[in-house]
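Using the numbering used here, you'd call the opening residue of the sequence shown number 66 and step up by one each time. Built from N, CA and C at the ideal position, the CB exists for glycine as well. Fair warning: this is a prediction, and the values are worked out from it, not measured in the lab.
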Amino acid sequence: MPKNVMRRILVTGATGQIGSELVPELRRINGDENVIVGVHRRPPSDELKDAGPCEKVDVTDRESIEKVVDEYEIDTLYHMAAILSAGGEKNPWLAWDVNMNGTYNILEVARERSMARVFIPSSIAAFGPETPRDNTPQETILKPRTMYGLTKVAGELLCNYYFEKFGLDVRGVRYPGIISYKTPPGGGTTDYAVEIFYEALKHKKYTCFLSEDSTLPMMYMPDCIKATVDLMDADLSKLKHHTDFNLAAISFSPKELAEEIKKHIPELAVSYEPDSRQAIADSWPKTIDDSAAREEWGWRPSYDLAAMTEDMLKNLRIRYETGQL
Ligand code: SER
Numbered sequence: 066m067p068k069n070v071m072r073r074i075l076v077t078g079a080t081g082q083i084g085s086e087l088v089p090e091l092r093r094i095n096g097d098e099n100v101i102v103g104v105h106r107r108p109p110s111d112e113l114k115d116a117g118p119c120e121k122v123d124v125t126d127r128e129s130i131e132k133v134v135d136e137y138e139i140d141t142l143y144h145m146a147a148i149l150s151a152g153g154e155k156n157p158w159l160a161w162d163v164n165m166n167g168t169y170n171i172l173e174v175a176r177e178r179s180m181a182r183v184f185i186p187s188s189i190a191a192f193g194p195e196t197p198r199d200n201t202p203q204e205t206i207l208k209p210r211t212m213y214g215l216t217k218v219a220g221e222l223l224c225n226y227y228f229e230k231f232g233l234d235v236r237g238v239r240y241p242g243i244i245s246y247k248t249p250p251g252g253g254t255t256d257y258a259v260e261i262f263y264e265a266l267k268h269k270k271y272t273c274f275l276s277e278d279s280t281l282p283m284m285y286m287p288d289c290i291k292a293t294v295d296l297m298d299a300d301l302s303k304l305k306h307h308t309d310f311n312l313a314a315i316s317f318s319p320k321e322l323a324e325e326i327k328k329h330i331p332e333l334a335v336s337y338e339p340d341s342r343q344a345i346a347d348s349w350p351k352t353i354d355d356s357a358a359r360e361e362w363g364w365r366p367s368y369d370l371a372a373m374t375e376d377m378l379k380n381l382r383i384r385y386e387t388g389q390l
């Protein structure tokens with residue numbers, strides 16, 4: 066977004082793992098009153114509720130989006146509502162409805178009102194077993210086997226269609242697994258990388274639902290927020306891609322993460338009992354080539370495994386000690 070231009074923003078899925086940290090940053094940049102928290106399943110935290118507007122938005126119900134968009138004269142949408150990979154395998158019908166119809170509704174509402182800009186994320190779930198798993202290229206085979214993954218591929222294509230056909234400025238990245246200490250993720254295959262921190266501090270043991278050598282691309286929340294804000298700020302004329310940027314920061318296996326946490330909590334005991342999520346992890350990349358994001362909008366992550374681990378433990382300890390958890 067051009068700097069110094071105040072936007073009127075609606076964030077869907079704003080109470081989820083990413084939304085709940087994206088909203089405070091967008092409010093810091095645009096003003097509290099200009100960023101609307103779209104609430105559906107999960108109620109907003111006091112932090113979100115007390116700082117600015119919160120409204121009920123069900124992305125599968127276009128009228129509920131339109132009502133809020135028109136009331137607040139929204140010109141920019143961040144569409145963060147989604148059913149993730151493991152949740153989508155439990156309820157593929159709901160995943161289709163939320164991810165596909167939700168995305169279509171958002172695009173239509175934005176198109177009809179000629180909105181300034183829309184952010185709709187994709188995921189590493191867009192890749193599949195035929196995709197090269199090491200240094201996965203920007204342009205590659207996209208044949209995911211999960212409902213989440215296929216809605217993300219279709220979403221990328223639909224967003225590109227809206228850009229080409231209607232000139233709607235839609236942008237998006239393929240998020241890796243996101244690690245954070247404020248709002249837990251839900252229904253993802255990469256969720257172990259968050260759970261292990263809570264369990265390490267609380268019980269000094271953790272049973273991981275992926276095998277110890279399941280390397281996956283991950284990212285710490287501050288980098289995730291930076292990427293989201295930076296892509297939306299980028300100069301449109303510099304972008305050759307729009308809605309499908311590969312995005313990388315750190316790649317590690319459960320064993321490597323456990324070893325890093327053990328540097329701080331030596332007693333931590335981790336066992337491995339892979340479940341149905343293992344097959345999903347096995348179909349995803351280990352490492353990602355994100356040179357298009359680096360070249361077109363200057364993407365650079367800040368956190369490596371050691372820095373992320375230290376910061377996670379420091380902040381979760383504070384939350385445990387102050388009774389927030
Ligand atoms: N974190 C997501 C999941 O595991 C990937 O986008 O489903």
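Remark: C-beta atoms of Asp295 and Trp364 approach each other more closely than 8 Å. Burial state of Leu113 is buried, judged by a 10 Å Cβ sphere holding 16 or more other Cβ atoms. Taking a 10 Å sphere around the C-beta of Ala181, we find 16 or more other C-beta atoms and assign the residue as buried. In this structure, Pro202 is the residue among Glu173, Asp111, Pro202 with its C-alpha nearest to the C-alpha of Leu312.
Here the C-alpha atom of Asp123 lies approximately 44 Å from the C-alpha atom of Glu332. A heavy atom of the ligand SER is found nearer than 7 Å to the CB of Pro250.
Pairing Ile243 with Met283, the inter-Cα distance amounts to about 6 Å. Around Thr205, the same chain offers Phe192, Thr196, Pro197 as residues with beta carbons nearer than 8 Å, after the five sequence neighbours per side are excluded.
Within the region 227 to 306, the complete beta strand (DSSP E) segments of 3 residues or longer fall at 238 to 240, 242 to 244, 270 to 273, 281 to 285, listed in chain order. Residue nearest to Glu361 within the set Asp340, His307, Ala346, Ala344 is His307 (criterion: CA-CA distance). Taken through DSSP and simplified to helix, strand or coil, Ala334 comes out as strand. At least one heavy atom of the ligand SER is found less than 7 Å from the C-beta of Tyr240. Not a single heavy atom of the ligand SER lies less than 7 Å from the C-beta of Ala160. Taking 7 Å as the cut-off, one finds at least one heavy atom of the ligand SER near enough to the beta carbon of Ala190.
Looking at the backbone, the Cα of Thr211 and that of Cys273 are separated by about 21 Å.
One alpha carbon belongs to Val335, the other to Gly81, and they sit about 27 Å apart.
The DSSP assignment places no complete run of the beta strand (DSSP E) inside the region 356 to 384 (cut-off: 3 residues).
Assignment of beta strand (DSSP E) within the region 174 to 202, counting only whole runs of 3 or more residues, yields 182 to 184 in chain order. Taking 7 Å as the cut-off, the C-beta of Tyr213 counts as close to a heavy atom of the ligand SER. Excluding residues up to 5 positions away in sequence, Ser318, Pro319, Lys320, Tyr337 lie with their Cβ nearer than 7 Å to the Cβ of Glu277 in the same chain. Restricted to the region 105 to 153, the alpha helix (DSSP H) segments that are unbroken, complete and at least 4 residues in length are 111 to 116, 127 to 136, listed in chain order.
At the C-beta level, Gly252 and Gly152 come within 8 Å of one another. Following the DSSP letters along the chain, one finds Val76 inside the beta strand (DSSP E) bounded by residues 74 to 77.
Set against 7 Å, the gap from the CB of Ile243 to the closest heavy atom of the ligand SER is smaller.
Glu386 is classed as exposed because its beta carbon has fewer than 16 other beta carbons within 10 Å across all chains shown. Between Ala314 and Tyr368, the C-beta spacing is below 8 Å.
Exclusion of the five residues before and after Glu90 leaves Ile290, Val294 as the residues of its chain whose Cβ lies within less than 7 Å of its Cβ. Per DSSP, Ile315 is one residue of the beta strand (DSSP E) stretching across 315 to 317. For Gln343, the uninterrupted alpha helix (DSSP H) segment begins and ends at 342 to 347.
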